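Step one of this worksheet: look at the structure below.
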Amino acid sequence: MPSLYWNRVISIVGIYALLALGFDFLAHYVGLVSLGGSFFIGTGGYIAAILNKSFGLPPALTIPLATLSGAIICTLLLLPALPLRGVYFAIVTLMYPLVLFRIIEALNILGGTDGILGVASFPNTWVEQYLILSIIIFALFGLRRLVNEDIGLVFRGVKDNDQAVRASGLSITFYKAIAVFITSALGCLGGAYFVHIYMVAGISLFALDYSVIPIAATVIGGGGTLVGPLLGCFILVPISELLRAFGTLRIVFYSVILLAFIMFRSEGIMVYAQRKYHQFERWVKI
Amino acid sequence: MSKEPILNVKEVSKAFGGVQALTRVGFSVGEGEVFGIIGPNGSGKTTLINCITGFIKMDAGNVFYRGKEITNRAPNQIANLGLTRTFQIMRPYYSLPAYKNLIIPLFSPRARKKGGWRGGGKLGDRGTVAIDILEEIGFERDSFVPYKLASSLPTGYLKRLELARCLALGPDLILCDEVFSGLSMSEIASMVPLIEKLQMDGITLVMIEHRLRELFRVASRVMVLNFGEKLTEGIPEEVMADERVKEAYLGSEKLLDYTFEA
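Protein sequences appear in the order of chains A and B.
Residue numbering for the first sequence follows the numbering used here, starting at 1 and increasing by one per position.
Residue numbering for the second sequence follows the numbering used here, starting at 287 and increasing by one per position.
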C-alpha cells in the first residue's frame with residue numbers, strides 16, 4: 001500500500017496534467033501562448049470554495065459548476081486580449097493571477113491571506129485519485145478528437161494563418177474564445193479539484209507554479225502531441241517530490257534535469273518517440 | 287450587364303501616415319462581369335481590395351454590395367455575404383493537406399447554410415466536398431496532390447488553392463489579386479480557361495493583373511490606377527490607347543507589345 005503522501009502526489013500530477021493539456025492545445029493548435037495556469041486554478045478554486053462554504057453544495061456539484069462558471073469568467077476576462085498574439089497574449093494571461101492575488105490580499109476579501117478554510121473533501125482517496133485519472137484520460141482523448149474534427153482544423157487554421165481564416169468567412173475572435181474557454185475549463189476543473197483535495201482555498205492558488213510547470217512538462221513531453229505534456233507531468237512532478245530529499249538544493253537539481261532535457265531532447269519525448277517509431281516501421285521486412 | 291451593379295465602390299480614400307495610398311477611387315461592377323484593375327507597382331491596387339473586403343479600414347468612401355452598404359465591416363462578415371478575395375501572397379494553411387485547407391471555408395456559416403454539394407450539408411462529409419472543389423480547380427482527383435501538405439505544393443497549385451478557398455464559400459463575387467503572377471507561361475495558359483469557367487458559372491470577377499494579354503482575354507472592362515488615383519476606365523482597347531496610361535507605365539515601349547490583340 002503506497003503511502004498517503006504519494007497518493008496525494010498522483011492527484012496533484014492529474015491537476016498539472018489538465019493544465020498542461022490545456023496549454024499544449026492552446027499553444028500548438030490555436031497559436032495562443034498562455035501563462036494563465038494559475039489564473040484558471042485560482043478562479044476555479046475560489047468559485048468551488050465559495051459554492052461549498054457559502055451555499056453548502058457538495059463537491060459533486062461544486063466541481064462542475066466551478067468548471068463552467070470559472071471558464072466563462074476567465075474567457076470574458078481574456079476576451080479583450082484575444083486579438084493579441086505570441087508573447088503579448090502571454091503577458092496579459094500572466095497579469096491576471098498577479099492582479100487577483102494582490103486584490104485579495106489588499107482588500108482582505110474571500111478570506112484574505114488566510115483563505116477559505118474548511119472546504120468539504122472527497123469521500124475517500126479512491127474517489128479522489130480515480131476520478132482525476134479518468135478526467136485526464138477523458139480530456140486527453142476528447143481534445144485529440146476535437147483537433148482532428150472540422151472545428152479543430154479551424155483552430156489550426158487560426159494558428160497557421162489567421163487572415164485566411166477571416167477571408168474564409170470565420171471570425172477568429174469567436175474561435176479563439178472557444179479555445180480559451182476549453183482551456184480555462186480544464187484549468188478551473190483542476191482548481192476546483194485542488195481545493196477539495198486540500199480543503200482550503202488560499203491565495204497560493206495564484207502561485208506561478210501552475211503557469212510554469214505545465215510549460216516545462218510540455219517541453220519535456222513534446223509539444224503538439226497532447227499526450228506528451230501529460231507524460232511530462234507524470235515525470236516532472238514526481239521528480240520534484242523525490243528531490244525534496246535534497247532540501248533547498250532541490251531547485252538546482254530540478255533545473256539541471258530540465259536543462260538536460262532542453263539540451264539533448266529539445267523536441268520532447270513524444271515527438272522523439274513518434275519519429276523513432278516511424279523509422280522502425282520502415283525497417284520491417286515485407 | 288444588369289441594371290443594378292453587384293459591387294459599387296464610391297470615392298474610397300486611404301492614407302498610410304503621410305502616404306496617400308488611395309484618393310477617391312470609385313468603380314462599379316455589373317453582375318457576371320469580369321472587371322480588370324491594372325496599374326504600375328505601388329499604385330494602390332491591393333490596398334483597394336483590402337479596403338473593399340474589410341482587411342483595412344478606409345478613411346473615407348463607401349462600398350455597396352448588391353445595394354447594401356458594407357463599408358468597413360469585418361472581413362468575415364463580408365466573406366459570408368459572398369464577396370471573397372484571394373491573396374497576392376498566397377496564404378494557405380501550410381501545416382494542413384491541400385484538401386483540408388478547404389474544410390475551413392466549408393465550415394463558414396455561408397457554406398453551411400448553402401448546404402448541397404458545396405456545403406456538405408448537415409451530415410455531409412466536408413472532405414469529399416473539398417476534393418470535388420479541388421478537382422474543379424485543377425487538382426487531379428486520383429493523384430496524391432490534393433493530399434499533400436500545402437507547404438510542399440508548388441506556386442501554381444497554391445494559386446489554384448487560393449481560388450478554391452474562395453469557391454468553397456460559394457461566392458457571387460471573387461476579387462482576384464494577381465492570380466497569374468509568379469506562374470510560368472504554360473501554367474497561366476491552363477489558368478485562363480478556369481477563369482472563363484468561373485465566369486460561365488455566373489461568378490463576377492474583379493481581377494488585379496499585371497499580365498495584360500491574359501487579362502484582356504477575359505475582362506470586358508478595365509480600370510487604371512496610378513499613385514492611388516483612378517486614371518481612366520473603359521474597354522481594354524480604349525484604355526490602352528490612352529496617353530496617360532502609356533505614361534503611367536514607365537516602360538511604355540514594353541506596353542506597346544502588350545496592346546490589344548483579340
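Backbone N, C-alpha and C fix where the C-beta goes; we use that ideal spot for every residue, glycine too.
This one's a predicted model, so the numbers in the text were calculated from it and none came from an experiment.
Please list the partners that residue i has in chain B, where partner means a Cβ-to-Cβ separation under 7 Å.
{"i": "Gly-169(A)", "result": "Asn-362, Ala-365, Asn-366, Pro-391, Ser-394, Pro-395, Arg-396, Leu-455"}
{"i": "Arg-166(A)", "result": "Pro-361, Asn-362"}
{"i": "Asp-150(A)", "result": "Ile-389, Phe-393, Arg-412"}
For a contact meaning CB atoms closer than 9 Å, what does residue i contact in chain A?
{"i": "Leu-382(B)", "result": "Leu-153, Arg-156, Gly-157, Asp-160"}
{"i": "Thr-370(B)", "result": "Ala-167, Ser-168, Gly-169"}
Please classify residue i as buried or exposed, where buried requires at least 16 other C-beta atoms within 10 Å of its C-beta.
{"i": "Asn-148(A)", "result": "exposed"}
{"i": "Pro-479(B)", "result": "exposed"}
{"i": "Tyr-385(B)", "result": "buried"}
{"i": "His-278(A)", "result": "exposed"}
{"i": "Pro-432(B)", "result": "buried"}
{"i": "Ser-168(A)", "result": "buried"}
{"i": "Val-305(B)", "result": "exposed"}
{"i": "Phe-194(A)", "result": "buried"}
{"i": "Gly-115(A)", "result": "buried"}
{"i": "Gly-223(A)", "result": "buried"}
{"i": "Arg-145(A)", "result": "exposed"}
{"i": "Val-87(A)", "result": "exposed"}
{"i": "Tyr-29(A)", "result": "buried"}
{"i": "Ser-266(A)", "result": "exposed"}
{"i": "Gly-405(B)", "result": "Confidence at Gly-405(B) is low in this model, with a pLDDT of 49, below 50, so the placement of that residue is unreliable and no value is reported for it."}
{"i": "Ala-245(A)", "result": "exposed"}
{"i": "Ile-103(A)", "result": "exposed"}
{"i": "Glu-464(B)", "result": "buried"}
{"i": "Ala-60(A)", "result": "exposed"}
{"i": "Tyr-5(A)", "result": "exposed"}
{"i": "Arg-371(B)", "result": "buried"}
{"i": "Ser-134(A)", "result": "exposed"}
{"i": "Pro-391(B)", "result": "buried"}
Starting from the Cα of residue i, find the closest Cα among the options and give me that residue.
{"i": "Leu-420(B)", "options": "Phe-430(B), Leu-435(B), Leu-447(B)", "result": "Leu-447(B)"}
{"i": "Ile-323(B)", "options": "Val-478(B), Arg-507(B), Asp-528(B)", "result": "Arg-507(B)"}
{"i": "Gly-36(A)", "options": "Ser-54(A), Ser-266(A), Leu-77(A)", "result": "Leu-77(A)"}
{"i": "Leu-98(A)", "options": "Asp-209(A), Arg-265(A), Arg-244(A), Leu-259(A)", "result": "Asp-209(A)"}
{"i": "Met-493(B)", "options": "Val-315(B), Ile-417(B), Glu-290(B)", "result": "Val-315(B)"}
{"i": "Gly-312(B)", "options": "Glu-473(B), Lys-331(B), Pro-326(B), Met-526(B)", "result": "Lys-331(B)"}
{"i": "Ile-521(B)", "options": "Leu-498(B), Tyr-535(B), Lys-445(B)", "result": "Leu-498(B)"}
{"i": "Pro-291(B)", "options": "Thr-339(B), Gly-303(B), Tyr-351(B), Ala-346(B)", "result": "Tyr-351(B)"}
{"i": "Tyr-16(A)", "options": "Met-199(A), Leu-189(A), Leu-153(A)", "result": "Leu-189(A)"}
{"i": "His-196(A)", "options": "Ser-240(A), Gln-163(A), Ala-48(A)", "result": "Ala-48(A)"}
{"i": "Ala-177(A)", "options": "Asp-160(A), Leu-84(A), Ala-66(A)", "result": "Leu-84(A)"}
{"i": "Leu-65(A)", "options": "Gly-191(A), Phe-280(A), Ala-139(A), Pro-238(A)", "result": "Gly-191(A)"}
{"i": "Arg-427(B)", "options": "Leu-435(B), Gly-442(B), Ala-416(B), Arg-371(B)", "result": "Ala-416(B)"}
{"i": "Glu-495(B)", "options": "Ser-381(B), Asn-362(B), Val-320(B), Gly-456(B)", "result": "Val-320(B)"}
{"i": "Lys-399(B)", "options": "Gln-374(B), Gly-368(B), Phe-425(B), Glu-422(B)", "result": "Gly-368(B)"}
{"i": "Pro-457(B)", "options": "Ser-394(B), Ser-438(B), Val-298(B), Lys-434(B)", "result": "Ser-394(B)"}
{"i": "Val-504(B)", "options": "Asp-487(B), Glu-482(B), Gly-468(B), Gly-488(B)", "result": "Glu-482(B)"}
{"i": "Pro-440(B)", "options": "Glu-524(B), Ile-460(B), Glu-473(B)", "result": "Glu-473(B)"}
{"i": "Leu-185(A)", "options": "Val-9(A), Trp-6(A), Leu-230(A), Leu-68(A)", "result": "Residue 185(A) is actually Ala in this sequence, not Leu. Looking at the Cα atoms, Leu-68(A) is the closest of the given residues."}
{"i": "Gly-325(B)", "options": "Ile-390(B), Ala-527(B), Leu-517(B), Thr-370(B)", "result": "Leu-517(B)"}
{"i": "Gln-274(A)", "options": "Gln-129(A), Thr-225(A), Leu-170(A), Val-92(A)", "result": "Thr-225(A)"}
{"i": "Thr-183(A)", "options": "Met-95(A), Phe-155(A), Leu-259(A), Val-271(A)", "result": "Phe-155(A)"}
{"i": "Ser-437(B)", "options": "Met-526(B), Gly-353(B), Leu-382(B)", "result": "Leu-382(B)"}
{"i": "Ser-211(A)", "options": "Phe-23(A), Ile-10(A), Val-9(A)", "result": "Phe-23(A)"}
{"i": "Gly-251(B)", "options": "Ile-342(B), Leu-444(B), Glu-529(B), Phe-341(B)", "result": "Residue 251(B) lies beyond the range of chain B shown here (287 to 548); nothing can be said about it."}
Give the interface partners of residue i over in chain B, defined as CB-CB distance under 9 Å, in chain order.
{"i": "Gln-163(A)", "result": "Phe-341, Pro-361, Phe-373, Arg-377"}
What residues of chain A sit near residue i, judged by a beta carbon separation below 8 Å?
{"i": "Arg-451(B)", "result": "Ala-164, Ala-167, Ser-168"}
Mind pulling the chain A residues with CB within less than 7 Å of residue i?
{"i": "Lys-386(B)", "result": "Leu-153"}
- Entirely enclosed beta strand (DSSP E) segments - the stretch 157-234 of chain A, minimum 3 residues: If we require 3 residues or more, the stretch 157-234 of chain A turns out to have no beta strand (DSSP E) run fully inside it.
- Enumerate, from N- to C-terminal direction, the unbroken alpha helix (DSSP H) stretches of 4 or more residues contained entirely within the stretch 66-141 of chain A. Entirely contained in the stretch 66-141 of chain A, the alpha helix (DSSP H) runs reaching 4 residues are, in chain order, 86-107.
- For the stretch 435-482 of chain B, list the beta strand (DSSP E) runs that are entirely contained and at least 3 residues long, ordered along the chain. If we require 3 residues or more, the beta strand (DSSP E) runs fully inside the stretch 435-482 of chain B come out as 459-463.
- Task: Please list the segments of the alpha helix (DSSP H) lying wholly inside the stretch 337-383 of chain B, counting only runs of 4 or more residues, in order along the chain.
- Result: Uninterrupted alpha helix (DSSP H) stretches at least 4 residues long and entirely within the stretch 337-383 of chain B occur at 361-366, given in chain order.
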